[in-house]
Amino acid sequence: KIRVKLHSTFDFRKLLTLILVSYFCHSAIGAVVPEYTNASVENAAVACEINPFEGANPTPLLVRSTSFVYPSSVGRRTITLAAGETVDFACPGGRLVLEGVSTTLQVATASCVSGVRFVVNNARYLWRQIQCSVNPVTTARLTGNSCESNGREAEIGFAVTTSRFVRTIQICFNQATQSPIYTYYDLIPAITQQVRGRLDIQRRKSLGQKLLIHQNASFCVDLLIHYVFLFIGTSAGTTRPSWTQGTGIFTLTNVNNLFTQATQRVTINALLGLPTGSFNVIQNNNNYFLSRGHLTATSDFFYAAQQNSTFQFLNALPQWQTFNGFNWDQAET
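Residue numbers (mature numbering (1 follows the signal peptide of the UniProt record, and there is no 0)): -30 to -1, 1 to 303.
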């Protein structure tokens, strides 16, 4: 379930792919200027359009108030803003970095100039010059509200400021059993355009045809940008995070330890009256064990930071790996 990887080692296959894509695209993009260059900024229409997956990494959250900003129409991956329209760039847990210089700001309001240029902190920057000092940090916390079956309401998301929280998942948590009862989240159309580490399935299917007939210049530009970023080591998101349990929610000291195969084997063998070291149920070197199954799926979110926020034990229940890693994984994808 790795969504987006950082590529830091030299790979001749990536270089060969970049060369081939460049060759097939050259006639299609002759007069097209990639959107992230200064030339395109100066000649762009009076509006902004950015691809949130092709900026600098780590990418800031794009938010307004307590909500994420998404593409305005189905089938689009880019974010469009009118000239003068504002959006907040947020780096929860870190600081905003502008053209390589770290600021003291965790969140800043950006105003669209045109193309991919914004005014941030009283200066102009290109989208690719705006990033976070660290990957946006996820927070899991209790809200103080109650929910079904004597549960306690919790939420997962991002603390943009001490008084501003952008939620990704709402949870009803059973304090007695130390497990979630259910999760709740907003499923948006934009997930059809998400990036999860490789060129997505829909675009891979049409890649060959579009390259061979040279009919789509913007597609070629987009594709070249994708492979340039892939080759030089910049990604559209982050690596798969570790599971975390937050603070002040679980009374269990180490939830992750319960999911180890050794602990599962001892527990299940005791419940079934089997010898402590029996491998009858939890076997070795196969998929017969209980994995950390997502309640809210990683693939149900648009941004990499949102996808990362699903790796909280508030959002997990035991699930047989024979199902979680195969049929269920295919259904999610």
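Using N, Cα and C, we set each Cβ at its ideal position, and we do this for glycine too.
Let me know the secondary structure DSSP gives R87 once reduced to three states. strand
Anyone know if the C-beta pair for C142 and C102 falls short of 7 Å? no
Considering only the beta carbon of each residue, do L284 and A129 sit closer than 7 Å? no
Mind checking who N144 pairs with in its DSSP beta bridge? S149
Go to T233, then tell me how far its beta strand (DSSP E) extends in each direction, as first and last residue. That residue, T233, is in no beta strand (DSSP E); its alpha helix (DSSP H) goes 231 to 242.
Could you tell me whether any Cβ in chain D is nearer than 7 Å to the Cβ of N115? The structure shown contains no chain D, having only a single protein chain.
For the beta strand (DSSP E) containing D58, list its first residue and its last residue. 56 to 60
For the alpha helix (DSSP H) holding Q76, just list the boundary residues, first then last. That residue, Q76, is in no alpha helix (DSSP H); it is neither H nor E in DSSP.
Starting from the Cα of V33, find the closest Cα among R134, T292, N239 and give me that residue. R134
How long is the line joining the alpha carbons of S269 and F296, rounded to whole angstroms? 15 Å
Helix, strand or coil for F38? Go by DSSP, reduced to three states. strand
DSSP three-state label for L96, please. strand
What's the gap between the Cα of T292 and the Cα of L260? 9 Å
Between Q282 and the ligand FMN, is the CB less than 6 Å from at least one heavy atom? Looking at this structure, you won't find the ligand FMN or any other ligand, since it has none at all.
Whole angstroms are fine: how far does the CA of G247 sit from the CA of L31? 48 Å
With distances taken from CA atoms, which of P288, V104, L244 is nearest L265? P288
Classify L242: buried if its beta carbon has 16 or more other beta carbons within 10 angstroms, exposed otherwise. exposed
Taking the CB atoms as reference points, tell me whether S84 and V16 lie closer together than 7 Å. yes
Using the beta-carbon count (16 or more within 10 Å), is T108 buried or exposed? buried
For N227 and T233, which I take to be in contact (beta-carbon distance under 8 Å), what is that distance rounded to the nearest angstrom? 6 Å
Checking the sheet assignment: what are the DSSP bridge partners for R134? T131
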